[in-house]
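*Asks:* Pasting in a structure now, in structure tokens, and then I'll have a few things to ask.
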Amino acid sequence: MNKKRKNLIILITIMLLIPTIYLLINIVYSKYISYPKWVKNYLQNKYSENMIITDTYMSDFGYCAVVSPETEPDLKFSVRGKYIDTYLERALEYEAEQKFNNIYPEYTCVAQMFGYESITTPFEELYTLYEKHNRPANWNEIPEYIRLERLRINTNQYIDEELVNNIVNTILLSDVKTSIIEIYDGRQQHIFRFDTINNAFMPN
């Protein structure tokens with residue numbers, strides 16, 4: 404009887420140890436390998452200057468990093484990382500950029516979510532949707548009021564008013580939800596804000 408009890412205790416201990424060890428391995432991998440690699444790639448893709456990661460820490464929304472430009476080490480800002488191994492807001496930015504670049508591959512498009520560079524997010528619904536589907540939310544699943552802060556289009560080519568309007572209408576029709584559209588052709592900047600009453604982008 405004692406032997407059976409002893410074997411049962413050993414079995415229960417092993418059953419408890421396996422998920423604990425797996426969880427610890429996942430935490431270590433995420434913090435020291437996966438997350439730093441993502442931060443480095445993110446900074447290289449988003450900024451032209453070299454960025455230095457000065458610190459990493461855990462917040463309520465996952466891993467965060469404090470970064471500084473190599474040329475201005477005193478200038479520090481936060482980059483929020485991921486939630487349950489998925490960069491939700493970055494996924495939405497990427498999807499918006501892909502939608503636009505498929506139509507206008509000759510232009511550079513940069514999408515930015517509200518609050519992306521801060522530690523907290525104003526859109527907890529994104530995390531609720533992630534928990535529900537176990538993946539980043541698609542555009543057609545996102546509540547209408549959740550939008551990108553801005554969609555910035557850069558080009559060295561001259562863009563006339565007709566082409567500007569075509570770009571704006573294309574963004575509207577392609578369901579890339581953004582509050583602001585900025586179009587810069589090296590000569591001048593065109594800014595449009597989304598008007599919820601008219602359901603259209605209006606010149607700023």
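Under this note's numbering, residues 404 to 607 are what the sequence shown spells out, in order. Idealized CB from N, CA, C, for every residue including glycine. Bear in mind that the values here come from a model prediction, so they are computed numbers and not experimental data.
Kindly indicate the opening and closing residues of the alpha helix (DSSP H) around Arg431.
*Replies:* The displayed chain sequence assigns Val, not Arg, to residue 431. Asn405 to Tyr432 is the extent of the alpha helix (DSSP H) around Val431.
*Asks:* From Leu414 to Ile583, what distance separates their C-alpha atoms?
*Replies:* Going by the C-alpha atoms only, they are around 59 Å apart.
*Asks:* Compute the Euclidean distance between the alpha carbons of Asn557 and Thr511, then round it to the nearest angstrom.
*Replies:* For Asn557 and Thr511, the distance between alpha carbons rounds to 5 Å.
*Asks:* According to the neighbour-count rule (16 or more other Cβ atoms, all chains shown, within 10 Å of its Cβ), is Phe480 buried or exposed?
*Replies:* Exposed, since its Cβ has fewer than 16 Cβ neighbours within 10 Å.
*Asks:* Mind checking whether Pro606 and Phe597 have CB atoms under 8 Å apart?
*Replies:* Taking 8 Å as the Cβ cut-off, Pro606 and Phe597 do not qualify as a contacting pair.
*Asks:* By a C-beta neighbour count over all protein chains shown, 10 Å radius and 16 as the cutoff for buried, is Ala514 buried or exposed?
*Replies:* Buried, by the Cβ-count rule.
*Asks:* So, helix, strand or coil for Pro472, using DSSP?
*Replies:* If DSSP states are grouped into helix, strand and coil, Pro472 belongs with the strands.
*Asks:* Pick out whichever of Ile417, Pro546 and His593 has its Cα sitting closest to the Cα of Leu566.
*Replies:* Ranking Ile417, Pro546 and His593 by Cα distance to Leu566 puts His593 first.
*Asks:* Excluding the 5 residues preceding and the 5 following Glu528 in the sequence, name in chain order all residues of the same chain whose CB lies nearer than 7 Å to its CB.
*Replies:* Here the set comprises Pro546 and Ile549.
*Asks:* Taking the alpha carbon of Tyr438 as the reference point, which residue from Ile412, Tyr425 and Cys467 has its own alpha carbon closest?
*Replies:* That would be Cys467, whose Cα lies nearest to the Cα of Tyr438.
*Asks:* Going by the CB atoms, is the gap between Leu554 and Ala499 shorter than 8 Å?
*Replies:* Against a cut-off of 8 Å, the Cβ pair of Leu554 and Ala499 comes out as a contact.
*Asks:* Are the C-beta atoms of Val431 and some chain D residue less than 8 Å apart?
*Replies:* Among the chains in the structure shown there is no chain D, since it carries only a single protein chain.
*Asks:* Does the beta-carbon of Glu496 have 16 or more other beta-carbons within 10 angstroms, so that it is buried, or is it exposed?
*Replies:* Classification of Glu496: buried, given that the 10 Å Cβ count is 16 or more.
*Asks:* Would you decide whether Leu427 is buried or exposed? Buried here means 16 or more other CB atoms lie within 10 Å of its CB.
*Replies:* It counts as exposed.
*Asks:* In terms of residue numbering, what span does the alpha helix (DSSP H) encompassing Asn568 cover?
*Replies:* That run of the alpha helix (DSSP H) goes Glu564 to Leu576.
*Asks:* If you check the beta carbons only, do Pro472 and Met461 fall under 8 Å apart?
*Replies:* Cβ distance not < 8 Å, so Pro472 and Met461 don't count as in contact.
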